[in-house]
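Numbering (the UniProt record's numbering), first residue to last: 1 to 483.
Idealized CB from N, CA, C, for every residue including glycine.
Small disclaimer: the values here were computed from a predicted structure and weren't measured.
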């Protein structure tokens, strides 16, 4: 292979930079009115009966920040030696009050009220309130993914995850699950020290000029194939010198994903068993009531006992529904979170493959030059052999041809050296950022697992408290039965 005529057009030297897309482009006054402007919309309130089972989170991130206030020093472990993980500022976000807009039309959608309380100076007020629809969240998610390639952007709830979301997209169960998931999405962004300071995030949370539809079309057309060449180029490439940090991270994420899948599978069986028990308890209660109709002397006591069983079934069903909505859905969201981490790890691998392949090209060019200087015949590849024969036939001066080839190779070596240095710098910085992102994810995982398990425990404590109250109330009624 000869290197002096190779233009290296098949090698990507992508720096990861995105197209220049400024935050003020969000404020597009020439397009249609934003979904925030609701004056002309037709509203119909969504049934709020189910929302009482999933009260909006009131988690105040300032508490966790205060715990770490004295620990803002470099975090050292096997993944991120001597890398400082910054602490996010205090920010509380709630997603509440789902409203169906443009009801009765094909353009009907659900909008959500977003209330943000923060101490960040970039916000115009310490408390801001806006209304957004799901498509606005999609736009925010895509924008952050595009502009913060090395960040692990939290996942959005899947738009078509039918295996755990039943009913139509305007049904109260679907709306409540989505509301809770969207709130967790924003809370994860609020916990992220980089993403919470994003201009796009700020505009999403406070701008009244947000035009989701027009910007979505623009963003959809921008950068769709931006990294497609890199993906295809490196699809069959393998890293030659794996970084042990990311080998360990990948193995850790794989184990976490495997454990979460096991928990999901087992807990789905538990939910199914609890649902079956609910049906059995209700049948049992009905049988006790029927028995009371036959036993005239104790019919009132048996009827009360049957009612207690039905109330116990109601409490059982409420606990099961809450676990399904909160606990099981969060497990599934964390599985999606794992996929997001893996995608960033793959992108990091692509950066390293770029560096390694450019390094190989550079070494090949240097070897070609050394062979020309030492033997005058280059590497004796087919192209070099044919070139010498053509030069001989054309009666070209071999020494002059040799000098020209060396000059071309010197130019290529100089060009490749700069690109290798740049690619190495990009790869190292990207790797450090990904390692830092993993530590942020670890912090988020710890906080959310604690909240999730505490909520799970609270549900069971409340269920058994209700059960004890029911059985204690029925005891004196049963004691009225004379022997």
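Quick one: grab the DSSP three-state call for residue 99. strand
Minimum C-alpha distance to residue 119 - residue among 98, 135, 92 and 132: 92
Would you say residue 430 and residue 108 are within 8 Å of each other, going by their C-beta atoms? no
Check whether the stretch 359 to 368 touches the stretch 266 to 276, counting contact only when three or more Cβ pairs, one atom from each stretch, lie closer than 8 Å. no
Closer than 7 Å by C-beta to residue 444: which residues in its own chain qualify, once you throw out the five before and the five after it? Chain order, please. 188 and 191
Considering only DSSP beta bridges, list what residue 91 is partnered with. 118
Same chain, Cβ closer than 6 Å to residue 317, five either side skipped, listed in chain order: 278
Roughly how many angstroms separate the alpha carbons of residue 210 and residue 283, rounded to a whole number? 53 Å
On the DSSP letters alone, give me the boundaries of the beta strand (DSSP E) that residue 496 sits inside. There is no way to answer for residue 496, as the model of the chain reaches only from 1 to 483.
Quick check: the Cα distance between residue 418 and residue 405, rounded to an integer number of angstroms? 20 Å
Extent of the continuous alpha helix (DSSP H) to which residue 312 belongs: 299 to 322
Closest residue to residue 207 among 125, 348 and 470 (Cα-Cα distance): 125
As assigned by DSSP and simplified to three states, the class of residue 25: Note on residue 25: pLDDT 41, under 50, position unreliable in the model; the coordinate value appears next. Three-state result, residue 25: helix.
When the Cα of residue 281 is compared with those of 295, 304, 309 and 269, which residue comes out closest? 309
Do the stretch 248 to 258 and the stretch 314 to 330 meet, that is, are 3 or more Cβ pairs less than 8 Å apart? no
Cβ-based burial, residue 46 [other Cβ within 10 Å; buried from 16]: Because the pLDDT at residue 46 is just 38, under 50, the model does not fix this residue reliably, and the point stays unresolved.
If I'm right that residue 239 touches residue 352 with Cβ under 8 Å, what's the distance once you round it to whole angstroms? 5 Å
By the three-class DSSP mapping on this structure, what secondary structure does residue 336 have? helix
Residue closest to residue 487, alpha-carbon to alpha-carbon, out of 136, 174, 114 and 170: Because the chain spans 1 through 483 in this model, residue 487 falls outside it and cannot be assessed.
Does the beta-carbon distance from residue 156 to residue 95 come in below 8 Å? no
Closest by CA to residue 139, which one among 266, 435, 205 and 451? 205
Residue 131, buried or exposed, once every other Cβ within 10 Å from all chains shown has been counted against 16: buried
So which of 110, 449 and 324 has the shortest CA-CA distance to residue 134? 110
State the beta-bridge partners of residue 113 as determined by DSSP. 96 and 131
Can you give me the start and stop residues for the alpha helix (DSSP H) that residue 276 sits inside? 244 to 294
Taking just the CA atoms, how far does residue 481 sit from residue 295? 12 Å
Which same chain residues end up closer than 8 Å to residue 413 when comparing Cβ atoms and leaving out the 5 residues on each side of it in sequence? 362, 365, 366 and 369
Give the DSSP-derived three-state secondary structure of residue 191 in the structure shown. helix
Among residues of its own chain, excluding the 5 on either side of residue 59, which ones have a beta-carbon nearer than 8 Å to its beta-carbon? Annotation note: pLDDT 34 at residue 59 (below 50); position unreliable, coordinate value reported separately. Contacts found: 92, 187 and 451.
Please name the residue in 98, 359 and 90 whose C-alpha comes closest to that of residue 117. 90
Counting along the chain, where does the alpha helix (DSSP H) carrying residue 202 start and finish? 199 to 206
How many Å lie between residue 446 and residue 439 at the Cα? 11 Å
Considering only C-alpha positions, which residue in the set 420, 245, 468 and 339 is nearest to residue 154? 339
Residue 311 versus 113, 467 and 401, residue with shortest Cα-Cα distance: 467
If you check the beta carbons only, do residue 285 and residue 313 fall under 8 Å apart? yes
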